[in-house]
Amino acid sequence: MHMLLHNLLLVLATTSRYAITRCTGLVHPTLAREKRRHSIYFGTNFRGRRFRFGYISCNGQDDSSTDSFSGNNAVNGDDLTDRFKYKVNALMGTYDPISGGRPDDENQTGNIIDALIKFPAPYSFTVVGKTGDSHVGEKHIKDKRSSFVDDIVHVIRDRTGEEQLVTRVTPRGKNFTKVVVDVTVYSSAMIEDIYNALSGIENVVMKF
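Letter by letter, the sequence shown follows residues -19 to -1, 1 to 189 of mature numbering (1 follows the signal peptide of the UniProt record, and there is no 0).
Written as C-alpha cells, this is what we have:
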C-alpha cells in the first residue's frame, strides 16, 4: 500500500514540478543546480525514459532554501502548493463522503439516484421481455404479451400504491415486448425495490 501511494504521489509530483525522494520527501527540480550533490534520484517518464529529478541529501536535511519557481515557494516544510496538497489529500481519502456503512460507488443504484433526483419525482420504468416464439401461433403470443404486461403493472402498483398507471406497450418484432410505466417515486429505495421485484418476472430480458 505504501509503495502504491508512493508511486501515485510520484506522478502527481512530476505534474506539479516537484520530485519525490525516498530520503527527504519532496525536492524542487532546480536543486540540480546546487553544488552539494549527496544523492541522485532517478525516475521514469511515461515513455519509459529515465530522467533526473535533482540532488538530495539523505542526512535528514534537504538542499533547498527559499528558491522560487513559477510563482510557488520551494518545498520547505509546509510550503507546498495548494494544488499539490489537494491532490495528496484526495489520494488519502480525506474528501471521501461518509457512507454510513453503505458502499459508495457506481454499483450502488441508490447513491447515483439520490444525487440526480429530488423526491418525490416522476419516474419511468422500462422493461423488455421475451414474449413470443417462432414455433407458436399469434394467439399464444398475444396472451403471453398480455400476461407479461399484467405482471409488470402488478409489481409497480403494489410498491407505489398508484391505481392509475400510465403504461405504454410496444411490440419489438415477433418475440419481444417493451413496456414503459410512468409513476411517482418517493425515494431511491423505492426505485431499487421495484427493479429488484421486476427481476423476478419470468422472461424479463432487460430493465432500465
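We treat Cβ as the ideally placed atom computed from N, Cα and C, and that holds for glycine.
Checklist entry - Does the stretch 132 to 144 touch the stretch 157 to 167, meaning 3 or more C-beta pairs lie closer than 8 Å? => result yes
Checklist entry - Going by Cα to Cα distance, which pick from Thr112, Glu119, Gly118 is closest to Arg126? => result For the purposes of this step, residue 126 is taken as the residue at position 145 of the sequence shown. Checking every option, the nearest Cα to that of Arg126 belongs to Thr112.
Next on the checklist: Would Thr148 and Val136 be called neighbours here (beta carbons separated by less than 8 Å)?
Outcome noted: For the purposes of this step, residue 148 is taken as residue 167 along the sequence shown, with counting starting at 1. For the purposes of this step, residue 136 is taken as residue 155 along the sequence shown, with counting starting at 1. Against a cut-off of 8 Å, the Cβ pair of Val136 and Thr148 comes out as no contact.
Next on the checklist: For Pro103 and His121, I'd like the C-alpha separation in whole angstroms.
Outcome noted: By 1-based counting over the sequence shown, the position of residue 103 is 122. By 1-based counting over the sequence shown, the position of residue 121 is 140. Near 34 Å, if we compare the C-alpha coordinates of His121 and Pro103.
Checklist entry - How about Gly142: is its Cβ closer than 7 Å to a heavy atom in the ligand NAP? => result No copy of the ligand NAP occurs in the structure displayed, which carries no ligand at all.
Next on the checklist: I need the boundaries of the alpha helix (DSSP H) containing Ser180, first residue and last residue.
Outcome noted: Locating residue 180 in the sequence shown gives position 199, counting from the first residue. From DSSP, the alpha helix (DSSP H) with Ser180 extends over 169 to 180.
Item to check | Exposure label - Val117; buried when at least 16 CB within 10 Å | outcome: Taking the sequence shown and counting its residues from 1, one reaches residue 117 at position 136. Under this definition Val117 is an exposed residue.
Checklist entry - Between which two residues does the alpha helix (DSSP H) carrying Val136 extend? => result For the purposes of this step, residue 136 is taken as the residue at position 155 of the sequence shown. Note, Val136: alpha helix (DSSP H), 119 to 141.
Item to check | Rounded C-alpha distance that separates Val109 from Ser115 | outcome: Locating residue 109 in the sequence shown gives position 128, where the first residue counts as 1. Locating residue 115 in the sequence shown gives position 134, where the first residue counts as 1. Using only the alpha carbons, I get a separation of about 18 Å.
Next on the checklist: With a threshold of 7 Å on Cβ separation, who are the neighbours of Gly58 within its own chain once the five nearest residues in sequence on each side are excluded?
Outcome noted: As a first step, residue 58 is located in the sequence shown; it is residue number 77 there, counting from the start. Bear in mind that a pLDDT of 45 at Gly58, under 50, signals an unreliable position, so the number given afterwards is only what the model happens to contain. Cβ neighbours of Gly58 beyond the five flanking positions: none.
Checklist entry - In whole angstroms, what is the alpha-carbon distance linking Ala170 and Ser128? => result One-based indexing of the sequence shown puts residue 170 at position 189. One-based indexing of the sequence shown puts residue 128 at position 147. Looking at the two C-alpha atoms, the distance is approximately 27 Å.
Next on the checklist: Buried or exposed for Thr151, going by 16 or more other Cβ atoms inside 10 Å?
Outcome noted: Mapped onto the sequence shown, residue 151 falls at position 170. Counting Cβ neighbours within 10 Å, Thr151 comes out exposed, since fewer than 16 surround it.
Next on the checklist: Using the three-state DSSP reduction, which class does Asp95 fall into: helix, strand or coil?
Outcome noted: Position 114 of the sequence shown, counting from 1, holds the residue named residue 95. Residue state, collapsed to three classes: helix.
Checklist entry - Helix, strand or coil: how does DSSP classify Phe100 here? => result Mapped onto the sequence shown, residue 100 falls at position 119. Note: Phe100 maps to coil in three-state DSSP.
Checklist entry - How about Ser160 and Val186: are their beta carbons less than 8 Å apart? => result Locating residue 160 in the sequence shown gives position 179, counting from the first residue. Locating residue 186 in the sequence shown gives position 205, counting from the first residue. Checking the sequence, you will find Val at residue 160 rather than Ser. Not closer than 8 Å, so no.
Item to check | Coil, strand or helix - Asp163 by DSSP | outcome: Start at 1 with the first residue of the sequence shown, and residue 163 comes out as number 182. In this structure, Asp163 counts as strand in the three-state DSSP scheme.
Item to check | Status (buried if at least 16 other CB within 10 Å, exposed otherwise) for Ile94 | outcome: Sequence index remark: in the sequence shown, residue 94 carries index 113 (1-based). Ile94 is buried by the Cβ-count criterion.
Item to check | Contact set for Lys188: own chain, Cβ-Cβ below 8 Å, skip 5 residues either direction | outcome: If you number the sequence shown from 1, residue 188 lands on position 207. The residues are Phe106, Thr107, Val108, Val109, Tyr176, Leu179, Ser180.
Checklist entry - In terms of residues, what are the limits of the beta strand (DSSP E) holding Lys188? => result Here residue 188 refers to the residue found at position 207 when the sequence shown is read from its first residue. First-last of the beta strand (DSSP E) with Lys188: 185 to 188.
Checklist entry - Where Glu183 and Asp132 are concerned, what is the direct C-alpha to C-alpha distance, given to the nearest angstrom? => result Position 202 of the sequence shown, counted from the first residue, corresponds to residue 183. Position 151 of the sequence shown, counted from the first residue, corresponds to residue 132. Each residue's Cα considered, the two are about 9 Å apart.
Next on the checklist: Using DSSP's beta-bridge definition, name the partner residues of Thr148.
Outcome noted: What you label residue 148 is simply residue 167 of the sequence shown in a count that begins at 1. Val162.
Checklist entry - Would DSSP call Thr107 helix, strand or coil? => result Counting from one through the sequence shown, the residue named residue 107 turns up at place 126. Here Thr107 sits in strand by DSSP.
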